[in-house]
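Colleague: Going down the list, the sequences are from chains Y and H. The numbering of the first sequence is this note's numbering, which starts it at -6 and goes up by one. The numbering of the second sequence is this note's numbering, which starts it at 15 and goes up by one.
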Amino acid sequence: MAESVGATSISRGGLGVEPFPYRPEAREWKREPATVVGLCLLAPAVVLLVALFVVPVVRIVWQALAEPTFGLDRFREFWTSPAPRRALVTTLRISALVTLLCTTLSVLIAWELHSTRSRLVRIALWSAALFPLWTSGVVRNYAFTIILQRRGVLNTALLSLGLIREPLSLLYTEAAVVMGIFYTMLPYAILPVYASFATLDAELVPAAESLGASRLRAMVDVVLPLAAPSIFAAAAIVFVVSVGFYITPILLGGPHSPFLATFVDLQIYRLFDFPGAAATASILFFTAFLIVGGAWRAVGLERIRRVLG
Amino acid sequence: MSSADWATGRPLSRRRALKTLGASLAAVGLGVPGRARAQQTAAPRRKVTGNMVLATWGGRYSKAMKDFFLTPFSQETGVTAQTVDAPGGFVPMLQAQAKAGNVTWDLVDVGEADSLFLLDNGLVQPLPPEVKADLIGAVGEQHVTDHGISFAAFGWVIAANRKAAKRIPTTPAEFFDVQQVPGRRTMYGEDQLTGVLYALQADGVARGQLYPPDLDRAYRKLDQVKKSVAVWWRTGDQSQQVFRDQEVEMGLLWDGRAAGAIDQGVDLALSFEGTPISRDLFVVPTNAPNAAAAFEFLRWYATHPVEGGKWIQTMGYGVANPKAYEHVPPEIAQRSAYFPGNFAKGFLINARWQSQHRAELVKRWTQWLSQ
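What follows is the structure in structure tokens.
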């Protein structure tokens, strides 16, 4: 604490000026609350987390293991039959693609939101960024149906512009699913990245440029490393939510792009196989957990290495 | 297409998904206790009271169920009746209720094959002998099983848009002949058996020799049509929408939905040649809180063809009592697969066989489709 007080005083008052003399005998303000207070403050969140997350997850995993007989049979069934494996691969592939698209675009949009001086651009961008959040999932997916179908908005426009002769098959494809999830998840990526850009010192880029860096170099070497934790958090949010998508793959996708959530639905509602569904859900949960955890570690190590030089 | 409209079809995963978005709001009780009227006093009326809960499909379907069956039944008997929407989720939800020791449904309107699964697992009760005898006396043996009575029968018809298709397929063989009858097609994506039964007929298997189906032969035939299937529809609404938007030119879809598309202005030609017909059954769960009222409702339903006729006219699905068709305008009746003239060209799906081979059928179909 003492150091930061000193640093502030230097920047404010100039060298050698000490407005608040350091007195070690005074009772220090501690940022950290007492352990008991901290635990009390945490308790509601912990109780909710345990009751609404830990307990259900444990029960799901337990059901997959224990019913009808104890063992790994339900998990073995998952890995030995092609349909669920295919669904898992499709889910991960589409989610990864969506994550990449969302993260990239969210960095660009968030930077523009942060740096633009034009009120109009800012209003337009904020509206575009937040609109998906305000629209109901059903309406959003139906809107894509209307845009993408054979006699839809997009095909009609392309046909009348003479760019295509035959309407394209856009709906009920994997691309439609990617678009639908991407559009839904974009705000979840923009908000954390924007929050991180907003805390950046506005003078950083001009400072880097004054030292000879190009605009791009300043962005890559100065801005992005500072925002990296938020960008990564945004990517993690997008990925984790995407792997659980259910309605969009049903409404916009065909049978060629089955999601694991729709496979769980099939197990419960058409095969009446609760333990099998529990096994599928557990596998999805742990796969997503491992991927995000692994990526987190990889990024963390990378950052440490950079700091060490 | 209003949300109430698309939420009225048959087993739909999408509707299940969206149920929380509002359909459950419709699940409120009627609560109009009427007075027992002695207008139909042929048989002495058994005294039933209390509340009866019927689990059914939601949306327009539930509304028609209330308007044509539950409300008049309440007025005649004094039993209050309410519906609960559980579209396509009857089996897992009843399993969960039984497991928790708290069955809340008195009557379920469930597909016949699913009802056999429930019966085999002790989740629904057989009809008491005197109830079964009364039902058979009213509608005939064909429409009554040991545990329920048929309701909402529907067929899988061949439909083609006269305005868009170059040739109109009229038989299973023509529908599967993509060279002679070119065009974009639609078929049911969450199928188990009807695609197989159509494929076998298209390959020359006689209707009487379909069981047990030769699955390898059926899937070889299905392979031939697969590339021409532009949309594998998953919901009744979608099967209409792809015709309205000319996403496809022909397809296999439910007769009630085909009739709906015609009413919406699509010029559809229907063929009932080789139509597989499915039906729901009204069944009574084991430990239903008010089973007596449910059985009484079954008797009422079996003996009220006028109400059945109104239901057919509105929803397009068949009822057990054959006399109901006398109360339906002929041009409407002829669009229904359960209409006696059309029924003769189709056949009832063997629900027992389907129930026994459920897992194998679902898995093979799903895997074939995702390849």
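By construction, the Cβ of each residue, glycine as well, lies at the ideal position given by its N, Cα and C atoms. Since the model is a prediction, treat every value here as computed from it, not as a measurement.
What would DSSP say about N304 (chain H), mapped onto helix, strand or coil?
Modeller: coil
Colleague: Under a three-way DSSP split, which group does G136 (chain H) fall into?
Modeller: coil
Colleague: Specify, as a first and last residue, the run of the beta strand (DSSP E) that P336 (chain H) falls within.
Modeller: Here P336 (chain H) belongs to no beta strand (DSSP E), and DSSP marks it neither H nor E.
Colleague: Does the count of Cβ pairs from the stretch 113 to 128 of chain H and the stretch 353 to 370 of chain H closer than 8 Å reach three?
Modeller: yes
Colleague: Would V138 (chain H) pass as an interface residue toward chain Y - the criterion being a Cβ-Cβ separation below 8 Å?
Modeller: no
Colleague: So which residues on chain H does A76 (chain Y) lean against when the C-beta distance must stay under 8 Å?
Modeller: K377, T380, Q381 and S384
Colleague: Check the C-beta distance from A36 (chain Y) over to A271 (chain Y) and give it rounded, since I have them as a contact under 8 Å.
Modeller: Not confirmed; about 30 Å, so no contact.
Colleague: Determine the DSSP secondary structure at D194 (chain Y), reduced to helix, strand or coil.
Modeller: In the three-state reduction of the DSSP assignment, D194 (chain Y) falls in the coil class, being assigned neither a helical nor a strand state.
Colleague: Give the DSSP-derived three-state secondary structure of S285 (chain H) in the structure shown.
Modeller: strand
Colleague: Just grab the DSSP bridge partners of P290 (chain H) for me.
Modeller: Note: P290 (chain H) sits in a beta bridge opposite H:F361.
Colleague: Taking its Cβ as the centre, do 16 or more other Cβ atoms sit within 10 Å of R198 (chain H), making it buried, or is it exposed?
Modeller: By the 10 Å Cβ count, R198 (chain H) comes out buried.
Colleague: Which residue from Y:A221, Y:L147, Y:L85 and Y:A169 puts its Cα closest to that of G304 (chain Y)?
Modeller: An answer regarding residue 304 (chain Y) cannot be provided, because it is not within the stretch -6 to 302 covered by chain Y.
Colleague: In the DSSP assignment, find the unbroken beta strand (DSSP E) run with L267 (chain H) in it and report its ends.
Modeller: L267 (chain H): member of the beta strand (DSSP E) spanning M264 to W268, first to last residue.
Colleague: Anything in chain H within Cβ reach of Y165 (chain Y), meaning under 7 Å, just list it in chain order.
Modeller: V245
Colleague: Mind pulling the chain H residues with CB within less than 7 Å of H249 (chain Y)?
Modeller: S384
Colleague: With a cut-off of 8 Å, does the C-beta of I53 (chain Y) fall near any C-beta of chain H?
Modeller: no
Colleague: For W22 (chain Y), count neighbouring Cβ atoms within 10 angstroms of its own Cβ and tell me buried if that reaches 16, exposed if not.
Modeller: exposed
Colleague: Determine, using beta carbons only, whether S164 (chain H) and A334 (chain H) come nearer to each other than 8 Å.
Modeller: yes
Colleague: Express the C-alpha separation of L141 (chain H) and T55 (chain H) in angstroms, rounding to a whole number.
Modeller: For T55 (chain H), the predicted model reports a pLDDT of 40, less than 50, meaning its position is unreliable and no value from the coordinates is stated.
Colleague: Just to confirm my understanding: we take R49 (chain H), look at its own chain, exclude 5 residues before and 5 after, and list those with CB closer than 6 Å. What are they?
Modeller: Here R49 (chain H) scores only 37 on pLDDT, less than 50, and its place in the model should not be relied on; the value that follows carries that caveat. Correct list: empty, nothing qualifies.
Colleague: With a CB to CB cut of under 6 Å and the five nearest residues on each side skipped, what residues in its chain are close to R349 (chain H)?
Modeller: Around R349 (chain H): A273.
Colleague: Could you tell me the boundaries of the beta strand (DSSP E) in which F168 (chain H) lies?
Modeller: G162 to N175
Colleague: Chain H partners of Y176 (chain Y), CB-CB under 7 Å?
Modeller: The premise fails here: Y176 (chain Y) is roughly 18 Å from chain H at the closest Cβ pair, so nothing lies under 7 Å.
Colleague: Going along chain Y, which residues have a C-beta under 7 Å from A373 (chain H)?
Modeller: Within 7 Å Cβ-Cβ: L264.
Colleague: Considering only the beta carbon of each residue, do T300 (chain H) and Q139 (chain H) sit closer than 8 Å?
Modeller: yes
Colleague: Does DSSP put L65 (chain H) in a helix, in a strand, or in coil?
Modeller: Note that residue 65 (chain H) is Asn in the sequence shown here, rather than Leu. Three-state DSSP puts N65 (chain H) in a strand.
Colleague: My output table needs one value for W246 (chain H): the three-state DSSP class, helix, strand or coil.
Modeller: strand
Colleague: Report the neighbours of V105 (chain H) on chain Y: residues whose CB is nearer than 7 Å to its CB, in chain order.
Modeller: F265
Colleague: Grab me the residues of L147 (chain Y)'s own chain with a C-beta within less than 7 Å of its C-beta, minus the 5 sequence neighbours each way, in chain order.
Modeller: I140, L141 and L163
Colleague: Just curious, the alpha helix (DSSP H) that A304 (chain Y) is in, first and last residue?
Modeller: Since the first residue shown for chain Y is -6 and the last is 302, residue 304 (chain Y) is missing from the structure and cannot be characterised.
Colleague: Does the ligand ATP have a heavy atom nearer than 7 Å to the CB of G246 (chain Y)?
Modeller: In the structure shown, the ligand ATP is absent, as is every other ligand, since no ligand is present at all.
Colleague: Give the single residue among H:A167, H:G102, H:M66 and H:K177 whose Cα lies nearest to the Cα of V13 (chain H).
Modeller: Nothing can be reported for residue 13 (chain H), as the shown portion of chain H is limited to 15 through 385.
Colleague: Report yes or no: is there a C-beta of chain Y within less than 8 Å of the C-beta of Q215 (chain H)?
Modeller: no
Colleague: Kindly indicate the opening and closing residues of the beta strand (DSSP E) around M201 (chain H).
Modeller: R199 to Y202
Colleague: For V170 (chain Y), which residues of its own chain have a beta-carbon under 7 Å away from its beta-carbon, when the five flanking residues on both sides are left out?
Modeller: I87, T241, P242, L245, G246 and S250
Colleague: By the three-class DSSP mapping on this structure, what secondary structure does F68 (chain Y) have?
Modeller: helix
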